[in-house]
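Taking it in order: structure first as structure tokens, then the write-up.
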Amino acid sequence: MTAQEVAFVAVALVGTVGALRVVTSRNVVHAALYLVVALAMVAGVYVLLAAEFLAWVQVLIYVGAIVVLLLFSLMLTKAPIGRETLDNQQRGLAAVVGAGVLAGLAFLAQDAFGGVRIALRPVRTAQVGASIFRDFVMPFEVVSVLLLAALVGAIVLARKDEVPSPPPERRVPLFGRREGGAPPEAPVPTAVGGRGAPAPSDQGSAPSGGGEAR
Amino acid sequence: MIAEATIRLPFVLFFSAVLFAAGVYGVLARRNAVLVLMSIELMLNAVNLNLVAFAARLGDLAGQVFALFVITVAAAEVGIGLAIVILIYRNRETINVDEVNLLKW
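Residue numbers (my numbering), protein chains in the order written: chain A, 1 to 214; chain B, 1001 to 1105.
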């Protein structure tokens, strides 16, 4: 085994433990924190595969943004603790399906790529950027529109629908104030006019005084 | 020394398969919708890992670019999904996916 393989096995073992704890943890916050471990180990594998830009994107977006979003939603919703409230009754069947998927994928990988080795060549970020903007311009633009649509959709979904209800509630006190507040309206314009009247007179007197001084 | 820097491709594929199987188990076994979303993130990461591994194997950057696109779409998906989860919690007082049966016939 090369040094890269030793490092990969260490990273992958930690990532495996993290991923298994994500789906078996009885505390939802612990599951989210184990998800951080699993995603960070995936970023470590990206580094080992010489995809440094993707590793930092993984750390920034997944560990930095998505896990924080998940933690916020766990805080905003009820987060019960316990296996019976977090898992459903088909746990055994789900374990069988998961083990079957794992066995099938592992057998397929070993059967198809048994002796294949990856020759690691460093990939510079400039190459990734050139590939995006030379070969994948159209998907890039489509993804930007998708992000905009997701942004607007998330705001519309999460906003509280209190906009239609307040106007009828506010109209009643407004009419009430207008009926009872007819006398108070009178002093307000006079006060404004009283404030406004001295201001021009001061401005007019200042230049006139200056003219007298000259 | 640099030319001998290699990793066996099946190692990466095994790790990816473990992540994907854990995600499948989580989606099937969890009741909490946020935990289901976490399991989906695990599966998307497994796919990204495969894309990057084969991009390194084939010396083609298209795999890395696709992994970037998958990360972007995953971020959008989590944003929308969590907005829906919070909306469901506000209306139904629960986010257990087996108790939300409004669209069930």
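In this text, a Cβ means the ideal position worked out from N, Cα and C, and glycines have one as well. Here the structure is a predicted model, which is why all the values come from computation and not from measurement.
Straight-line Cα distance separating A38/A from T1072/B: Translated into positions along the second sequence, residue 1072/B becomes position 72. Translated into positions along the first sequence, residue 38/A becomes position 38. Rounded to the nearest whole angstrom, the CA to CA distance from T1072/B to A38/A is 19 Å.
Between the alpha carbons of A191/A and V1085/B, how many angstroms are there, rounded? The residue labelled residue 191/A in the question sits at position 191 within the first sequence. The residue labelled residue 1085/B in the question sits at position 85 within the second sequence. Residue placement at A191/A is poorly supported in this model, since its pLDDT is 45, which falls under 50; the coordinates still yield a value, given next. Answer to the nearest angstrom: the Cα atoms are 53 Å apart.
Pairing CB atoms from the stretch 93-111 of chain A with CB atoms from the stretch 1017-1028 of chain B, are three or more of them under 8 Å? Three or more beta-carbon pairs separated by less than 8 Å link the stretch 93-111 of chain A to the stretch 1017-1028 of chain B, which places the two stretches in contact.
Check the Cβ-Cβ distances between F136/A and every residue of chain B, and say whether any is below 8 Å. Position 136 of the first sequence, counting from 1, holds the residue named residue 136/A. Yes, F136/A lies at the interface with chain B (some Cβ there is under 8 Å from its Cβ).
Starting from I118/A, follow the beta strand (DSSP E) in both directions and report where the run begins and ends. Position 118 of the first sequence, counting from 1, holds the residue named residue 118/A. Annotation: the continuous beta strand (DSSP E) that includes I118/A extends over R117 to A119.
Which of helix, strand or coil DSSP assigns to T125/A: Taking the first sequence and counting its residues from 1, the one referred to as residue 125/A is at position 125. The answer is helix: DSSP assigns T125/A an H, G or I state.
Excluding the five sequence neighbours on either side, which residues of its own chain have a C-beta within less than 6 Å of the C-beta of G1026/B, listed in chain order? The residue labelled residue 1026/B in the question sits at position 26 within the second sequence. Taken in chain order, the residues that qualify are S1039.
Could you check which residue in N1048/B, E1099/B and V1097/B has the C-alpha nearest to that of V1070/B? What you label residue 1070/B is simply residue 70 of the second sequence in a count that begins at 1. When only C-alpha atoms are compared, the closest one is N1048/B.
State the Cα-Cα distance for the pair A43/A and G153/A, rounded to the nearest angstrom. Within the first sequence, numbered from 1, the residue matching residue 43/A stands at position 43. Within the first sequence, numbered from 1, the residue matching residue 153/A stands at position 153. If I take the Cα positions, the gap works out to 29 Å.
Reduced DSSP category for I1007/B - H, G, I as helix; E, B as strand; rest coil: Counted from its first residue, the second sequence places residue 1007/B at position 7. If DSSP states are grouped into helix, strand and coil, I1007/B belongs with the strands.
So L1051/B and G1063/B are in contact, right, with Cβ under 8 Å, and what is the actual spacing, rounded? Working through the second sequence from its first residue, we reach residue 1051/B at position 51. Working through the second sequence from its first residue, we reach residue 1063/B at position 63. Correct: roughly 4 Å between the Cβ atoms.
Cα-Cα, which of S131/A, L120/A, R159/A and F136/A is closest to A1053/B? Here the question's residue 1053/B lines up with position 53 in the second sequence. That would be L120/A, whose Cα lies nearest to the Cα of A1053/B.
Mind checking the stretch 44-55 of chain A against chain B and listing, in chain order, the residues whose C-beta falls within less than 8 Å of any C-beta there? Those residues of the stretch 44-55 of chain A placed with their C-beta closer than 8 Å to a C-beta in chain B are V45, Y46, L48, L49, A50, A51, F53 and L54, ordered along the chain.
Are any of the Cβ atoms in chain A nearer than 8 Å to that of Y1025/B? Your numbering for residue 1025/B matches position 25 in the second sequence. With respect to chain A, the C-beta atom of Y1025/B has a partner C-beta closer than 8 Å.
Can you find a C-beta in chain B that's less than 8 Å from the C-beta of E185/A? Counting from 1 along the first sequence, the entry for residue 185/A is found at position 185. Reliability of the predicted coordinates at E185/A is poor, the pLDDT of 48 falling under 50, and no value is obtained from them.
Within this structure, are the beta carbons of I66/A and N27/A separated by less than 8 Å? If you number the first sequence from 1, residue 66/A lands on position 66. If you number the first sequence from 1, residue 27/A lands on position 27. The answer is no: Cβ separation not under 8 Å.
Rounded to the nearest angstrom, how far is the Cβ of A1033/B from that of Q90/A, given a contact under 8 Å? Position 33 of the second sequence, counted from the start, is the residue given in the question as residue 1033/B. Position 90 of the first sequence, counted from the start, is the residue given in the question as residue 90/A. Actually they do not touch by this definition, with Cβ atoms about 16 Å apart.
Quick check: A55/A and Y62/A, are their CB atoms within less than 8 Å of each other? As a working mapping, residue 55/A is identified with position 55 in the first sequence. As a working mapping, residue 62/A is identified with position 62 in the first sequence. No, the Cβ-Cβ distance between A55/A and Y62/A is not below 8 Å.
What are the residues in the stretch 19-44 of chain A lying within 8 Å of chain B by C-beta distance? For the stretch 19-44 of chain A, which is checked against every Cβ of chain B, the residues closer than 8 Å are A19, L20, V22, V23, V28, A31, A32, L35, A38, L39 and V42.
Does the Cβ of F107/A have 16 or more other Cβ atoms within 10 Å, making it buried, or fewer, making it exposed? Taking the first sequence and counting its residues from 1, the one referred to as residue 107/A is at position 107. Under this definition F107/A is an exposed residue.
Give the interface partners of N1091/B over in chain A, defined as CB-CB distance under 7 Å, in chain order. The residue you call residue 1091/B lines up with position 91 of the second sequence. None at all; the shortest Cβ gap to chain A is about 11 Å.
Starting from I1040/B and walking both ways along the alpha helix (DSSP H), at which residues does that stretch end? For the purposes of this step, residue 1040/B is taken as residue 40 along the second sequence, with counting starting at 1. Annotation: the continuous alpha helix (DSSP H) that includes I1040/B extends over A1033 to L1058.
Under a three-way DSSP split, which group does D87/A fall into? By one-based count along the first sequence, residue 87/A stands at place 87. Strand at D87/A.
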